[in-house]
Every structure is written in structure tokens, then in C-alpha cells.
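**Student:** Mind the numbering: the sequence shown is residues 2 to 142 in this note's numbering, read in order.
Structure in C-alpha cells, see below.
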Amino acid sequence: MIITRNGKELPQGVARIEKSILGEYKQILWRDIFAKRKANQEASLKFKRRPAEQNKPCYIWVFNNTGWLFSGWFIYIKTLDNDYALNSVPLGILPLAEKFESWAEEFSKIYAHKGFKRNNDQGILKARCILKAGRVEKIII
């Protein structure tokens, strides 16, 4: 049973008074109602604004650029939509910085690929990547 303001003067800040089955009265305050509403709105917005997780097929492309300006080994994740450079991003499959060149050379020998109008060393491996908010989260080989 709910007792409202019709004819009765309630204290300041009290929205209503509820009566339980046992006959006890409980005051429901406006600040509690607004706090509950705000919590529900924040939970709803957090759910709606969460970054969508995408699971996409991709290629791990490791190649050696022999040009004079940007020479060295590079790692790219190529999906149908985008390319992601991973030379500065630590992931589980990437080697430590000290062993990067030897790892890249081995990768290009094991997964050798001739194509993309390149005559230098390169390797390609089919994989799947999980993207969150436009960034590579995981690579599944």
C-alpha cells in the first residue's frame, strides 16, 4: 500500500510512504529515486557505448623494405577494410625488440610469398583478428 500526498503533508524530500505487508511504514526519498534512475541511465549508456568487438579474417604480412628512406622489416595486419601496422604494438605473437629481425626473417622463410609487386623477402599467414574500437586486440592463428 502506498500513501501519497493527497491531503497529507509529507516532510521535505520524501516522495512517498510505503506500507509493507507486515504493516511497517517506509519513507521513499527523492534522492534515492533519482540515484536509482541515474544508475540505470549510466548502465544503459555504458552498454550502448561499449566498443563493438569484431572477429575478421586477416593476413599477417611480414616484409622487408629495402628502400633507403623506410628500410627494415615491417608487420601489417591486412583485413578486407583496413591495414594495421604492428611494428610498435606489443602483441602475443610479436617477438621482443632484440629478436625482431631474426624472427621476421624466419617468418618470411616459413610463410614465403611472392606477390604484391615486391621482389624482396616477405611472408604471409592467414589468420583471424579481433578488433575493438578500430584496434587489433587479438590475433588467432
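Note that CB positions come from ideal geometry on N, CA and C, so glycine has one too.
#1: Could you tell me if residue 53 is buried or exposed, where buried requires 16 or more neighbouring beta carbons within 10 angstroms of its beta carbon?
#2: In terms of residue numbering, what span does the alpha helix (DSSP H) encompassing residue 107 cover?
#3: For residue 92, does the three-state DSSP call read helix, strand or coil?
#4: Look at the alpha carbon of residue 43 and the alpha carbon of residue 35, and state the distance between them as a whole number of angstroms.
#5: Against chain D, with Cβ distances strictly below 7 Å, would residue 62 count as a contact?
#6: Which word fits residue 13, buried or exposed, when buried means at least 16 other C-beta atoms lie within 10 angstroms of its C-beta?
#7: So for residue 69, helix, strand or coil by DSSP?
#8: Measuring only the C-alpha atoms, how far is residue 1 from residue 134?
#9: Closest to residue 57 by C-alpha separation, out of 124, 78, 69, would be which residue?
**Tutor:** On the basis of the coordinates in this document:
#1: Here residue 53 is exposed: its Cβ has fewer than 16 other Cβ atoms, across all protein chains shown, within 10 Å.
#2: That run of the alpha helix (DSSP H) goes 101 to 111.
#3: Residue confidence is low: residue 92 scores 47 on pLDDT, short of 50, so the model does not pin down where it sits. Its coordinate-derived value is still stated next. Looking at residue 92 - three-state DSSP - the assignment turns out to be coil, as it is neither helix nor strand.
#4: Those two C-alpha atoms are separated by around 12 Å.
#5: Here there is only one protein chain, and chain D is not present.
#6: Of the residues assessed, residue 13 falls on the exposed side of the cut-off, its CB having fewer than 16 other CB atoms within 10 angstroms.
#7: Look at residue 69 here: in three-state DSSP terms it is coil, with no helix or strand label.
#8: The requested residue 1 is not part of the displayed model; the chain covers only 2 to 142.
#9: Of 124, 78, 69, the residue nearest in Cα terms is 78.
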